[in-house]
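Numbering (our numbering), first residue to last: 302 to 380.
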């Protein structure tokens, strides 16, 4: 994430900062899934086992994304 986003609490973030944070976090999530599944395939680990190890992390990321989307919606609706 950018330095501005890290030093700026979510409550004070601008719509642009929120959009950047959402994009970066989504990109990280996608990369994490792709790289983990690729490594699992090379190591001949079952897909369900690899997915199971990812689930706790993906849940945290999804919760963060949800919060960022809610905050972004609140800002764009004028709250």
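Glycine included, each C-beta is placed from N, C-alpha and C at the ideal position.
Less than 8 Å between CB atoms is the rule here; does residue 348 satisfy it with respect to chain D? Absence of chain D from the displayed structure is noted, only one protein chain being present.
Going straight from the alpha carbon of residue 326 to that of residue 337, what length do you get? 16 Å
Ends of the alpha helix (DSSP H) at residue 324? In the DSSP annotation of this structure, the continuous segment of the alpha helix (DSSP H) that includes residue 324 starts and ends at 316-343.
Status (buried if at least 16 other CB within 10 Å, exposed otherwise) for residue 322: By the 10 Å Cβ count, residue 322 comes out buried.
State the CB to CB distance for the pair residue 320 and residue 373, rounded to an integer number of angstroms; the pair is presumed to be in contact (CB under 8 Å). Correct: roughly 7 Å between the Cβ atoms.
What residue does the alpha helix (DSSP H) around residue 257 start on, and which one ends it? Residue numbering for the chain in the displayed model covers 302 to 380; residue 257 lies beyond these limits and cannot be assessed.
Buried or exposed, going by whether 16 or more other CB atoms sit within 10 Å of the CB of residue 384? The question about residue 384 has no answer, for the chain in this structure spans 302 to 380.
Can you tell me whether residue 318 is buried or exposed? The criterion is at least 16 other CB atoms within 10 Å of its CB, across all chains shown. buried
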